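Participant:
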Amino acid sequence: MNQESTIEQFSYDNRIVKNFAVATIVWGIVGMLVGVLIASQLFAPVMNLGNQYTTYGRIRPLHTNAVIFAFVGNAIFMGVYYSLQRLCKARMYSDLLSKLHFWGWQLIIVLAAITLPLGMTTSHEYAELEWPIDILITLIWVVFGINMFGTIIKRRERHLYVAIWFYIATFVTIAVLHIVNSFELPVSLTKSYMLYAGVQDALVQWWYGHNAVAFFLTTPYLGMMYYFLPKMANRPIYSYKLSVLHFWALIFLYIWAGPHHLLYTSLPDWAQSLGVVFSIMLIAPSWGGMLNGLLTLRGAWDKVREDAILKFMVVGITAYGMATFEGPLLSFKNVNAIAHFTDWIVAHVHVGALGWNGFLSFAILYWIIPRIFRTELYSKKMINFHFWIGTLGILFYAVPMYISGFTQGLMWKEFNPEGTLKYGNFLETTLQVIPMHIIRAFGGTLYLIGAIVMGYNLFKTMAKGSLLADEEAQAFPLEKAYIATGGDTYWHRWIERKPIQLLLVSLVVILIGSMVELIPTFMVDSNVPTIAAVKPYTPLELQGRDLYIREGCVNCHSQMVRPFRSETERYGEYSKAGEFVYDHPFLWGSKRTGPDLHREGAKYPNSWHYYHMKEPTSMSPGSVMPAYPWLEEQVLTTSDTKTKLKAMKTLGVPYTDYEVQNGNLTLDKQAQDITATLAKEGIKVKSDREIIALIAYLQRLGTDIKKTAE
Amino acid sequence: MFKQFLDKIPGADVYMIGSLLTFVVFFALVGAYLLIVDKKYIQEMSELPLKD
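Here the protein sequences line up with chains W and U, keeping their order. Quick note on numbering: our numbering labels position 670 of the first sequence as 670, and the sequence is numbered without any gaps. Quick note on numbering: our numbering labels position 52 of the second sequence as 1052, and the sequence is numbered without any gaps.
1. Kindly identify the DSSP beta-bridge partner or partners of LYS591 (chain W).
2. Could one say the Cβ of ILE108 (chain W) lies closer than 7 angstroms to chain U's Cβ atoms, at least one of them?
3. Spatial neighbours of PHE102 (chain W) within its chain, please: C-beta separation below 7 angstroms, excluding the five flanking residues on both sides.
4. For LEU421 (chain W), which three-state DSSP category applies?
5. Going straight from the alpha carbon of GLY289 (chain W) to that of LEU242 (chain W), what length do you get?
6. Between the alpha carbons of PHE1002 (chain U) and LYS333 (chain W), how many angstroms are there, rounded?
7. Can you tell which of W:TRP608, W:TYR574, W:SER514 and W:LEU365 has its C-alpha closest to the C-alpha of LEU274 (chain W)?
8. Residues of chain W with a CB under 8 angstroms from the CB of LEU1021 (chain U): which are they?
9. Mind listing which residues of the stretch 122-154 of chain W have their C-beta closer than 7 angstroms to chain U's C-betas, in chain order?
10. Name the residues in the stretch 1022-1033 of chain U whose C-beta lies less than 9 angstroms from a C-beta of chain W; which are they?
11. Can you tell me whether DSSP reads GLN634 (chain W) as helix, strand or coil?
12. Restricting to Cα atoms, I'd like to know which of W:MET560, W:SER620, W:GLU633 and W:ASN664 is closest to TRP599 (chain W).
13. Do MET281 (chain W) and LEU253 (chain W) have their CB atoms nearer than 7 angstroms?
14. Examine chain W for any beta-carbon lying closer than 7 angstroms to the beta-carbon of ILE1017 (chain U), and answer yes or no.
15. When the Cβ atoms of the stretch 637-648 of chain W are set against those of the stretch 541-552 of chain W, are three or more pairs found closer than 8 angstroms?
16. Which of the three DSSP states, helix, strand or coil, is assigned to SER466 (chain W)?
17. Are there three or more Cβ pairs, one per stretch, closer than 8 angstroms when the stretch 673-689 of chain W is compared with the stretch 221-240 of chain W?
18. Please name the residue in W:TYR611, W:TRP301 and W:LEU217 whose C-alpha comes closest to that of ALA323 (chain W).
19. Roughly how many angstroms lie between the CA atoms of GLN52 (chain W) and SER620 (chain W), to the nearest whole one?
20. How would you label ILE368 (chain W), buried or exposed, when you count the other beta carbons within 10 angstroms and need 16 or more for buried?
21. Can you tell me whether PRO186 (chain W) is helix, strand or coil according to DSSP?
22. From W:GLY358, W:VAL143, W:LEU49 and W:HIS348, pick the residue whose C-alpha is nearest to that of VAL72 (chain W); which is it?
23. Using C-beta distances below 8 angstroms, list every residue in its chain close to VAL314 (chain W), excluding the 5 sequence neighbours before and after it, in chain order.
24. Which residues in the same chain have their Cβ closer than 6 angstroms to the Cβ of THR190 (chain W), if we skip the five residues on either side of it in sequence?
25. Roughly how many whole angstroms lie between the Cα atoms of GLY443 (chain W) and VAL1024 (chain U)?
26. Whole angstroms is fine: what's the gap from ILE58 (chain W)'s alpha carbon to PHE1026 (chain U)'s?
27. In chain order, what are the residue ranges of uninterrupted alpha helix (DSSP H) at least 4 long that sit wholly in the stretch 331-396 of chain W?
28. Around the Cβ of LEU310 (chain W), are there at least 16 other Cβ atoms within 10 angstroms (buried) or fewer (exposed)?
29. On a CA-only basis, which of W:ASP269, W:ASN336, W:ALA197 and W:ARG371 is nearest GLY652 (chain W)? Give me that one, please.
30. Could you check what DSSP says for ARG155 (chain W) in three-state terms: helix, strand or coil?
31. Would you say ILE16 (chain W) faces chain U, with C-beta separation under 7 angstroms as the test?
32. Give me the Cα-Cα distance between ALA533 (chain W) and ALA212 (chain W), rounded to the nearest whole angstrom.
33. Along the chain, where does the beta strand (DSSP E) that runs through MET194 (chain W) open and close?
34. Entirely within the stretch 181-255 of chain W and at least 3 residues each: give me those beta strand (DSSP E) ranges in chain order.
35. Is there a Cβ of chain U sitting closer than 7 angstroms to that of TRP165 (chain W), yes or no?
36. Got a sec? Which residues, its chain only, sit under 6 angstroms from ARG550 (chain W) by beta carbon, not counting five neighbours each side?
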């Protein structure tokens, strides 16, 4: 047959790539700007801007969601839509689905930007968005999946390049993670309770949290590295074989590593140990990928000197290597004992986020925009400026955060020769690291300036050129009935040719680790020993807990006293798994800017909490905690008390029908009791105010176990 | 370390060791495939991004 006669003409959709690119630039700048704002709040409380919508607790999730899902998310879609079409020699399956995907994703981002400052949050880190948005995310993710698989199915290239494998693994794993971590029982349109409680909720959350890093911030970027780096350096990847091994080992091992976020917590020991073992093993595939990237540039280092885009790639891939070396290191229990809850973790994630995700995104943007706009970059000087200010930004960010992390970790554990804590007042340790936080904010500002310069440079480039919306291409169609011969009969080659098989095998690979970790924790009762004295929250405490969630207190305060002498000395009895059985969701936290609060109950009088929430410095001079005056002004919403109690009962919290029906009566009684104790100390406050509920919750924290001791 | 969790969960040892073995077997199979795979094919695959 004469093949010439069958060649097909088609075009690549560059408009969708451009749209995602513009969204990447815009949301990137917004997300980093919010980052700089929250960084400054940690040394200048005035930067909380005096209103509830811009306090640290509410907008810290806005920053993480903006940079992860808005900046990185749009960058992923930009890279995937550009490379997938070319690797498949086919236009995206459906222009309509592409548009739906783009606008749907932007809608999710806008909804996040509105709801998070309003305090609508599930409090699960990196999964804070409430249930209606979770459903929307699922729908848009399915749209993306159909569009991606549709393109792969109608492709004109028989074999799937390794970048596409990474995209497929990303799609399937994020789908599983998002669904399992979003099992919530809605209470209203803007409020829900997690299906799981305490230890189980924590395990699901960090199985999700760690693998969101793995399959949102890592695998799609590795796919993009495998496509764009050879294009940029004009040479194939160093070892394709290594990339195959890298792919399977990475997706198999990553899924097990989540529990390293919960070392020394109330999570069962076996689950902690399993997380440690697999985290350490992870260094092999991670470094395999990094070396594969860097070695691709062998013999081309002269190009790196000239080409700022390659410079971004080299620093980005090196940052990936550093972060993935540090990850296993941090999962050693003895290292984790010092690093956990400190700024060390913040430094670690930002080496990955600013270096790996940020720099790769910038490099790909600089590479794609001139190509689809058929022009040269507006200014090469500006790229060089961006590279250097960005690199300096990372250094000025990471170095002080490491110093701050070590300082905190060591100060929290330091004892006097007499055996008492040297820094018994937690605030001393917070104040000690303030200079480091100032330098960190400076580093973040440098990085932000670089991104703004990039935005200017790229928009000027777009204005200079004209978008080639439909890029003409041609290729031979695939034979309809392909019969594998010779080397193509190997079993692995069969997977490589078939996207659905690849999806299914990837799914099985990630499910093995997930099931081994999650199922025993859910099925085996002995994993969460019950404590008879632990009782459900009263209606007022439950409402107070929801305020604690709304204000994002969990972003600065943990509720997990680890079994170290330094912690039991400071806070009291270490936390037991059985104490959290009614906690939907768990609120263990991951960072201590302020002290742990699990044993806060009955530590101070009600009046202390009242004054402290109104103006923290009145009780803790020098405190960087924002003031919460609105808690005294706002009336507590009690119309939903019954619905909330009912929902908790459905989830297994043993409230009686009487307690559910008479929730508000009990609530009023307790509120009046607290108001009366405040009145005795000369504080006049109405019993229907939010502050009363929050005080009730704080005073209850960690007290049940003390009743057992009595 | 492994003893700790094998002791605490009755019957779990089988599928935990099973999953580790699955990984080892899968890893060995992919490794073996990569050792015998046709070099020309690998070269062709690695050049895919440069051909569009």
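C-beta: ideal position from N, C-alpha, C; glycine also. As the structure is a computational prediction, the values presented were derived from the model and not from experiment.
Facilitator: Short version:
1. For the purposes of this step, residue 591 (chain W) is taken as the residue at position 591 of the first sequence. Bridge partners of LYS591 (chain W): W:PHE341.
2. As a first step, residue 108 (chain W) must be located in the first sequence, where it is residue number 108. Chain U contact via Cβ: absent.
3. As a first step, residue 102 (chain W) must be located in the first sequence, where it is residue number 102. Correct list, in chain order: ILE16, ASN19 and PHE20.
4. For the purposes of this step, residue 421 (chain W) is taken as residue 421 along the first sequence, with counting starting at 1. In this structure, LEU421 (chain W) counts as strand in the three-state DSSP scheme.
5. Residue mapping note: residue 289 (chain W) aligns to position 289 of the first sequence, counting from 1. Residue mapping note: residue 242 (chain W) aligns to position 242 of the first sequence, counting from 1. If you take the alpha carbons of GLY289 (chain W) and LEU242 (chain W), they lie about 8 angstroms apart.
6. Indexing the second sequence from 1 puts residue 1002 (chain U) at position 2. Indexing the first sequence from 1 puts residue 333 (chain W) at position 333. Unreliable placement is indicated for PHE1002 (chain U), whose pLDDT of 39 sits below 50; the coordinate value is still reported in the next sentence. Whole-angstrom Cα-Cα distance: 15 angstroms.
7. For the purposes of this step, residue 274 (chain W) is taken as residue 274 along the first sequence, with counting starting at 1. The shortest C-alpha separation from LEU274 (chain W) is found at W:SER514.
8. One-based indexing of the second sequence puts residue 1021 (chain U) at position 21. Within 8 angstroms Cβ-Cβ: nothing; LEU1021 (chain U) doesn't reach chain W, min ~11 angstroms.
9. none
10. THR1022, PHE1023, PHE1026, PHE1027, LEU1029, VAL1030, GLY1031 and TYR1033
11. Working through the first sequence from its first residue, we reach residue 634 (chain W) at position 634. Three-state result, GLN634 (chain W): coil.
12. Position 599 of the first sequence holds residue 599 (chain W). It is worth fixing the name first, because residue 599 (chain W) is Arg in this sequence and not Trp. For the residues W:MET560, W:SER620, W:GLU633 and W:ASN664, the minimum Cα distance to ARG599 (chain W) belongs to W:MET560.
13. Along the first sequence, read from residue 1 onward, the residue named residue 281 (chain W) stands at position 281. Along the first sequence, read from residue 1 onward, the residue named residue 253 (chain W) stands at position 253. Contact flag set, yes.
14. Taking the second sequence and counting its residues from 1, one reaches residue 1017 (chain U) at position 17. By this cut-off, ILE1017 (chain U) is not an interface position.
15. yes
16. As a first step, residue 466 (chain W) must be located in the first sequence, where it is residue number 466. Note: SER466 (chain W) maps to coil in three-state DSSP.
17. no
18. In the first sequence, the residue the question calls residue 323 (chain W) occupies position 323. Measuring from the Cα of ALA323 (chain W), the nearest candidate turns out to be W:LEU217.
19. Here residue 52 (chain W) refers to the residue found at position 52 when the first sequence is read from its first residue. Here residue 620 (chain W) refers to the residue found at position 620 when the first sequence is read from its first residue. Going by the C-alpha atoms only, they are around 21 angstroms apart.
20. For the purposes of this step, residue 368 (chain W) is identified with residue 368 of the first sequence, where counting begins at 1. Looking at its Cβ environment, which holds 16 or more other Cβ atoms inside 10 Å, ILE368 (chain W) is buried.
21. As a working mapping, residue 186 (chain W) is identified with position 186 in the first sequence. Of the three classes helix, strand and coil, the one that applies to PRO186 (chain W) here is strand, per DSSP.
22. Mapped onto the first sequence, residue 72 (chain W) falls at position 72. Of W:GLY358, W:VAL143, W:LEU49 and W:HIS348, the residue nearest in Cα terms is W:GLY358.
23. Reading the first sequence from its first residue, position 314 is the one you call residue 314 (chain W). If we look at VAL314 (chain W) and ignore the five residues flanking it on each side, its Cβ neighbours are LEU294, LEU297 and VAL304.
24. Start at 1 with the first residue of the first sequence, and residue 190 (chain W) comes out as number 190. Counting only Cβ-Cβ distances below 6 angstroms, and skipping sequence neighbours, we find MET120 and GLU130.
25. One-based indexing of the first sequence puts residue 443 (chain W) at position 443. One-based indexing of the second sequence puts residue 1024 (chain U) at position 24. C-alpha separation (whole angstroms): 44 angstroms.
26. What you label residue 58 (chain W) is simply residue 58 of the first sequence in a count that begins at 1. What you label residue 1026 (chain U) is simply residue 26 of the second sequence in a count that begins at 1. According to the sequence as given, residue 58 (chain W) is Arg; it is not Ile. Going from the Cα of ARG58 (chain W) to the Cα of PHE1026 (chain U) covers about 45 angstroms.
27. 333-339, 343-350 and 359-372
28. Counted from its first residue, the first sequence places residue 310 (chain W) at position 310. That one is buried.
29. The count along the first sequence starts at 1 and reaches residue 652 (chain W) at position 652. The candidate whose alpha carbon is nearest that of GLY652 (chain W) is W:ALA197.
30. Taking the first sequence and counting its residues from 1, one reaches residue 155 (chain W) at position 155. Coil at ARG155 (chain W), not helix or strand.
31. For the purposes of this step, residue 16 (chain W) is identified with residue 16 of the first sequence, where counting begins at 1. No, because no Cβ of chain U sits closer than 7 angstroms to the Cβ of ILE16 (chain W).
32. Position 533 of the first sequence holds residue 533 (chain W). Position 212 of the first sequence holds residue 212 (chain W). Straight-line Cα distance between these residues: approximately 37 angstroms.
33. On the first sequence, residue 194 (chain W) is found 194 positions in, with the first residue counted as 1. Per DSSP, MET194 (chain W) belongs to the beta strand (DSSP E) from 191-194.
34. 184-188 and 191-194
35. Within the first sequence, residue 165 (chain W) is the residue found at index 165, counting from 1. Chain U, which has no Cβ nearer than 7 angstroms to the Cβ of TRP165 (chain W), makes this no.
36. Translated into positions along the first sequence, residue 550 (chain W) becomes position 550. Contacts found: GLY119.
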